[in-house]
Amino acid sequence: MTPRPCTSLPRLPYNAYYGGVVSFTREQYRNINGNSNLFFGWGGEDDDLKTRVTSKGYSLVRYPKMIGRYDTVSHSRDRGNGDNPQRFNLIRTSQYRQDKEGLSTAKYRVTEIIESQLYTKIKVFINMAEILQASKRFLL
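Set out below in structure tokens:
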């Protein structure tokens with residue numbers, strides 16, 4: 001039986017949506033200074049990342065479903081992961097913060113490394129209070 005091409009496009013929450021599955025070369029990720037460290041709670045981190053990508057001149061590419069696709073597992077919001085009250089301020093200041101905080105200022109401690117045949121799981125400890133204290137100037 002020959003597989004039939006999938007012709008339906010994924011539904012995006014909004015046209016400028018950027019999130020889900022993204023990939024970078026090491027050089028690209030370093031150039032955008034990685035992800036922000038300031039997003040705790042739900043919301044905004046994908047929009048912040050998109051700003052980091054586009055402000056450095058990179059294009060966003062959505063491949064056709066026959067080339068690259070994935071499905072989202074239906075799930076409800078994690079308990080204890082409420083809305084990030086700073087998300088709109090952080091999104092508004094994305095480009096300003098980009099070269100000042102991110103990959104270059106990440107603080108974490110590796111607590112465990114688990115090697116498997118197909119992947120390596122690295123567990124880290126992140127001190128949210130320490131990160132937010134060091135980044136007060138970016139928060140209202």
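Residues in the sequence shown are numbered from 1 upward in steps of one, following UniProt numbering.
Yeah, the Cβ is synthetic: ideal placement off N, Cα and C, and Gly gets one too.
None of these values were measured; they are calculated from a predicted model.
Contacting residues, own chain, Cβ-Cβ under 7 angstroms from residue i (five flanking each side not counted)
i	result
Asn35	Glu45, Leu49 and Gly102
Opening and closing residue of the beta strand (DSSP E) in which residue i lies
i	result
Lys121	Thr120 to Phe125
Ile32	Element bounds for Ile32: n/a, residue is neither H nor E.
8 angstroms CB neighbourhood of residue i in its chain, flanking five on each side removed
i	result
Phe88	Gly44
Lys107	Asn37, Ile126, Asn127, Glu130, Ile131 and Ala134
DSSP three-state assignment for residue i, whether helix, strand or coil
i	result
Asp47	helix
Val53	helix
Arg109	strand
Glu101	coil
First and last residue of the uninterrupted alpha helix (DSSP H) at residue i
i	result
Arg87	Arg87 to Arg92
Glu130	Met128 to Ala134
Residues of its chain near residue i, where Cβ-Cβ distance is below 6 angstroms and the 5 sequence neighbours each way are ignored
i	result
Asp47	Ile91
Gln86	Leu139
Arg52	Ile32 and Gln98
Beta carbon proximity, residue i to chain C, threshold 8 angstroms
i	result
Arg97	No chain C is part of this structure, which consists of one protein chain only.
At least 3 beta-carbon pairs within less than 8 angstroms: the stretch 104-119 vs the stretch 58-67: As far as the Cβ criterion goes, the stretch 104-119 does not touch the stretch 58-67, which means the pair count is below three.
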